[in-house]
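Here the protein sequences line up with chains A and B, keeping their order. The numbers in our numbering rise by one with no breaks, and the one at position 173 of the first sequence is 1190. The numbers in our numbering rise by one with no breaks, and the one at position 43 of the second sequence is 207. Backbone N, C-alpha and C fix where the C-beta goes; we use that ideal spot for every residue, glycine too. Here the structure is a predicted model, which is why all the values come from computation and not from measurement. What follows is a single structure, written as C-alpha cells, with notes after it.
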Amino acid sequence: MERPDHVRQTELGQPVTMLEAIREALWEEMERDAGVFLMGEDIGAYGGAFKVTDGFLQRFGEMRVVDMPISEAGFTGAAAGAAHMGLRPVVEMQFMDFVSCAYEPLTNYIATSRWRNAGPQPLVIRGPVGGGVRGGPFHSQNPEMAFFHTPGLKIVYPSTAQDAKGLLKAAIRDDDPVLFFEHKKLYRAPFLREVLPPGDYTVPLGQARLVREGVDVSIVTYGNMVHESTRAAEQLAEEDVSVEILDLRSLMPLDEEAILNSVRKTNRLLVVHEDTRTGGIAGEIAMRVSEKAFEWLDAPMLRVTALDTPVPYSPPLEDFFLPQVEDILTACRYLKAY
Amino acid sequence: MADQSESEWAREVGPPAPDSLLDLYYWLQLTREVERVLANLYRQNKVIGGLYRSLGQEAGAVGTAYALRRRADGTGDVLSPAIRDLGAMLMMGAAPADIMKQYMARGDGPTGGRETNVHFSDYGKGYVGLISHLGVMVGVMAGVALSFKVRGEDRVALVYSGDGMTSTGGFHEGLNLAAVQRLPLVVVVENNGYAYSTPTSKQTAAAAFTDKADGYGIRGERVDGNDVLEVWAASRRAVEHARAGGGPTLLELVTYRRLGHAEHDSQPYVPAGEVSEWEARDPVDRYERWLLETGGMEAGELERVRERVREEVAEARSVAESSPMPEPRSGVDGVYAHERGWIPWTRGGLEDPDEA
Ligand SMILES: Cc1ncc(C[n+]2csc(CCOP(=O)(O)OP(=O)(O)O)c2C)c(N)n1
Ligand SMILES: [Mg+2]
C-alpha cells in the first residue's frame, strides 16, 4: 500500500525532524511486522498529543492503533499480556511523566518476567520527556533513572533524527522491554533536520556515538545535553580546549567500553545530564571509571546536571534549574586547568 | 429549565433566596470573564504554558462549590479542583489576580512561579491544588475527609474528576476506600464528553457514571450539568448526605467541553454541529433567561453584576500584569523542611568542586 506523504520524506530524499524520524520508524516496523501494534491515549483519530502517530489509524486500523482510557497501569499491564501472546506492543505515554503511574507493572511484572521464566517481554514504552519547554513539574521530567535501577529494563534516549529512527527500530525488534525517551524540545528542532539513510536500518542498543573527537576533556552525555555540550565544545575550541563528546544513546545497556576508551585518551571526565544530580547516571559512570580507569585520570571527575528539585515552570526558575552551556564551559575550563 | 429544580428544592432544601440567585450569577460571570481575559493574555503570549477553559461548563464548578461551607479560617469544607474548575477555586476565595499570576508564572503568585495554572493550595480557604497526574486527588481528598471523620468535625470534602480521570487506578482506589470508610466525600464527575480527543464511550462501557455508584455501594445522582440550579440542588443533597455521616456520593454532571482540550487544540475530532448544539444550552445564557423570566430579576440588576465583574477582573489583570517574574534562585529552596537547596558551583559560587 502506498505511504502517505508525511511518512515518505526519507523515501523522497527529503530531510526529516526527529519527530518525523520516529514516525517513520513506527510506520515501517508496523508494515514489516504484523505483530507490532500501538497503544496509548489519543493516538488514533487525534494522532497523539505530539502527532507522532498522525495518519496511523487510517492506514493500520483500530486493531493496531488502539486508543486507551486514561489507565497507564492498566494498559502497560495489557501490553505485557499481549507480549506474552507473541505481539510486540509499542505503548505511548502522552508524557513520560505519567509512566510513574505504570511503575508497578513495569518494574515488578515486566522487568522480572524473563528472569522468572515467564518469558520475554518484547515491548516498547515510548514518549516525550525533558524540560526547557515551560511545561512545569509534571510535563518536563526525565524519569530514566527510576528505571535504570531496575534490572531487566533497557533505556534508550536518542539525540538525533537518524539515531531516533534506528534506535526505535532496534528497540521494537529487541526481545527485552525498552523504555524509549524522546526529548520534546528536539521533536521539531530545525537544526536536527537531516536526510536519513534510505531503506531499513537499525542502530544497535548499547553503543555510544562519538559526536566529536578531542584530547583535553571527555564529555559523556545524552539527549538534549549532547547539543548543549556541542555548543560549549565549539566555544572551547576557540580557547584551545579540545573536547571529546560521547553520546550514550542507550543508558542500559551502558557502553562502558566507549566511556573508558575516551577517558583513557583525554584523562578528564565531565558527565552532563539534564536529569537531576543526586542519583543521576553521572554517579554510576564515575564509579565505573573509578573501578576500571582510575590510573588514567588527571583530574576529579565532574558533573553538570539539573538541580535537585522538581522542574519549575517559570522561565527564570527553569533556566536556573537546567544545566546551561555556561556551566559546561566553566567545568571544562576547570578540568583543563587542573 | 428549572421546573424540576424548583420542585426538588421544595421537597428537600427549600427555594433559593434572591441573594443566592444573584450570587450564583456573579460567580458564573466571574468565571467566564477571568477565562476570557486569560485567553486574551494567552494570545498575547503572556500565559507561559497551556490554557484550559471551562467555557460552557461553568455551572458545574459553580453550582457544586456553592453547596459547600466556604470559610476563610480553615474550618470550612475543602475541595480539590480538576483543571477546568477555576470557578470553584474563585468561589473558595482564590483571587482572580492570583490565578492570572499562576498562568503567567509570576514570582509573587501562589507558587512563586513553580507550578502551573490552578495547581495551588490554600488550606485556610479550603482548596487543595491538583497535580497533573490524573486520579491521585481522589485518594488525597479521601484522606482529607478521613481527617474530618477522625476528628469528629462535620466538614465535607469534595473532589472533581473528568470523565477521563475516572479511568485511573487512583480514582477507583480512592473512591472505594472512601466508600468502605463511609467518608464525607463528594466525588463530582464532570462528564463533558471528551478526555482530550477521546470520547467518553472509550473511557467507560457503563451507560452512566452513576451506574458505578451502585458498584461502590454509595449514593449516585446524575443531573444536567448546564443547569446551575439543578447542580446546586443536587450538590446540597450530596453534601448534606456526607455531613450527616451517609458517606460518599458520586455526582455526575452531564455537560460539554465546547473548546479544545487546551487553547492549542482546534478539536478536529469533534463531529460537525456538536459544539453549536451545546452552545444553545449554554449554562450562563440559560440561567440569565431563567432569572429574567422566572427568577423575578430585572435586566438592570444583571447588567450591574456584569459591570462589577468586568471591573474586578480588569483590576486583577493590571495587578497580575505588573507583578514580577521570580528571582532565578528562588526555586531552589523548600524541597525539604530544613535544608537549603544546592546551587551548582559552576554558577559563580565556589571555585573548587571538592569544596562545593
Ligand atoms: C495519569 C495521567 N495520564 C495522562 C494525562 C494527560 N491528560 C491530561 S488531561 C487529559 C484528559 C482529561 O480528561 P477528563 O478527565 O475528561 O477531563 P477534561 O479535560 O475533560 O476536563 C489527559 C489524558 C494526565 N494528566 N495524567
Ligand atoms: Mg472530560
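From the beta carbon of residue i, is the nearest beta carbon of chain B less than 8 angstroms away?
i: A/I1087; result: yes
i: A/F1208; result: no
i: A/G1147; result: no
i: A/E1153; result: The amino acid at residue 1153 of chain A is misidentified as Glu; the sequence shows Gly. Yes, contact with chain B.
i: A/F1338; result: yes
i: A/P1214; result: no
i: A/P1021; result: no
i: A/Y1063; result: yes
i: A/T1326; result: yes
i: A/P1032; result: no
i: A/D1344; result: yes
Taking 8 angstroms as the threshold (beta carbon to beta carbon), is residue i in contact with chain A?
i: B/A371; result: no
i: B/L455; result: no
i: B/G495; result: yes
i: B/S121; result: Because chain B here runs from 165 to 520, residue 121 of chain B falls outside it and cannot be looked at.
i: B/E170; result: Residue confidence for B/E170 is low, a pLDDT of 49 falling below 50, so the modelled location carries little weight; the figure read from the coordinates is stated next. So no, B/E170 is outside the interface.
i: B/M301; result: no
i: B/A166; result: Low confidence applies to B/A166: its pLDDT is 43, below 50, so where it sits in the model is not reliable, and the reading given next is rough at best. Not closer than 8 angstroms to any Cβ of chain A, the Cβ of B/A166 fails to qualify, so no.
i: B/P274; result: no
CA-CA distance, residue i and residue j?
i: B/R217; j: B/R207; result: 14 angstroms
i: A/M1063; j: A/V1108; result: Going by the sequence as given, residue 1063 of chain A is Tyr instead of Met. Using only the alpha carbons, I get a separation of about 16 angstroms.
i: B/A398; j: B/K265; result: 33 angstroms
i: B/E404; j: B/V473; result: 31 angstroms
i: B/V353; j: B/D327; result: 6 angstroms
i: B/P490; j: B/Y267; result: 13 angstroms
i: A/S1130; j: A/G1098; result: 11 angstroms
i: A/L1140; j: A/E1255; result: 45 angstroms
i: B/A520; j: A/L1324; result: With a pLDDT of only 45 at B/A520, under the threshold of 50, the placement of this residue in the model should not be trusted; the figure read from the coordinates follows. Straight-line Cα distance between these residues: approximately 14 angstroms.
i: B/P180; j: A/F1197; result: 56 angstroms
i: A/E1335; j: A/H1200; result: 16 angstroms
i: B/G227; j: A/A1249; result: 56 angstroms
i: B/R196; j: A/P1340; result: 40 angstroms
i: B/G316; j: B/V496; result: 39 angstroms
i: A/E1019; j: B/G384; result: 51 angstroms
i: B/D388; j: A/D1022; result: 45 angstroms
i: B/D318; j: B/A342; result: 16 angstroms
Since residue i sits in a beta bridge, which residues does DSSP pair it with?
i: A/S1235; result: A/E1261 and A/L1286
i: A/H1200; result: A/V1146
i: A/G1322; result: First, the residue type needs correcting, since residue 1322 of chain A is Thr and not Gly in the sequence shown. Paired residue(s): A/H1290.
i: B/E354; result: B/G326 and B/L417
i: A/M1056; result: A/V1083 and A/V1108
i: A/A1178; result: Bridge partners of A/A1178: none, in fact.
Quick check on this structure: which residue in the options has the alpha carbon closest to the alpha carbon of residue i?
i: B/T239; options: B/P508, B/Y287, B/S482 and B/W442; result: B/Y287
i: B/P492; options: A/A1354, A/E1343, A/P1332 and A/C1349; result: A/P1332
i: A/I1060; options: B/Q431, B/N340 and B/S361; result: B/S361
i: A/L1209; options: A/D1022, A/R1025, A/V1024 and A/M1035; result: A/M1035
i: A/G1072; options: A/D1257, A/E1037 and A/S1088; result: A/E1037
i: A/N1278; options: A/A1254, A/K1309, A/T1295 and A/A1128; result: A/K1309
i: B/N340; options: B/A377, B/G213 and B/R270; result: B/A377
i: B/R234; options: B/V448, B/H336, B/L254 and B/E222; result: B/L254
i: B/E416; options: B/N355, B/E452, B/G213 and B/L185; result: B/N355
i: A/S1176; options: A/Q1158, A/A1206 and A/A1187; result: A/A1206
i: B/R248; options: B/L393, B/A372, B/T419 and B/Y500; result: B/T419
i: A/I1087; options: A/A1096, A/F1115 and A/A1100; result: A/F1115
i: A/H1156; options: A/F1112, A/L1227 and A/R1285; result: A/F1112
i: A/I1298; options: A/D1022, A/P1270 and A/W1313; result: A/P1270
i: A/L992; options: A/R1281, A/N1241 and A/P1214; result: Since the first and last residues shown for chain A are 1018 and 1355, residue 992 of chain A lies out of range.
i: B/E479; options: B/D241, B/E441 and B/A261; result: B/A261
i: B/P245; options: B/E385, B/T458 and B/L298; result: B/L298
i: B/I212; options: A/Y1330, A/I1345 and A/A1354; result: A/Y1330
i: B/N390; options: B/E441, B/A306, B/V344 and B/G379; result: B/E441
i: B/L414; options: B/G357, B/V302 and B/A259; result: B/V302
i: B/G220; options: B/A229, B/Q193 and B/S331; result: B/Q193
i: A/E1379; options: A/G1183, A/T1093 and A/H1290; result: Nothing can be reported for residue 1379 of chain A, as the shown portion of chain A is limited to 1018 through 1355.
What in chain A is Cβ-close to residue i, meaning under 8 angstroms?
i: B/Q153; result: Since the first and last residues shown for chain B are 165 and 520, residue 153 of chain B lies out of range.
i: B/W506; result: R1294, L1324 and D1325
Residue i touches chain B at which residues, Cβ-Cβ below 9 angstroms?
i: A/H1156; result: G213, G214, T280 and S296
i: A/D1059; result: A359, Y360, S361, T362, H425 and Y433
Report the neighbours of residue i on chain A: residues whose CB is nearer than 7 angstroms to its CB, in chain order.
i: B/A359; result: I1087
Could you work out which residues of chain B lie near residue i, taking near to mean beta carbons separated by less than 8 angstroms?
i: A/D1114; result: S296 and H297
Can you name the residues of chain B whose CB is closer than 7 angstroms to the CB of residue i?
i: A/V1321; result: T510
Interface residues of the region 1073 to 1098 of chain A facing chain D [CB-CB below 9 angstroms]: Among the protein chains of the structure shown, namely A and B, there is no chain D.
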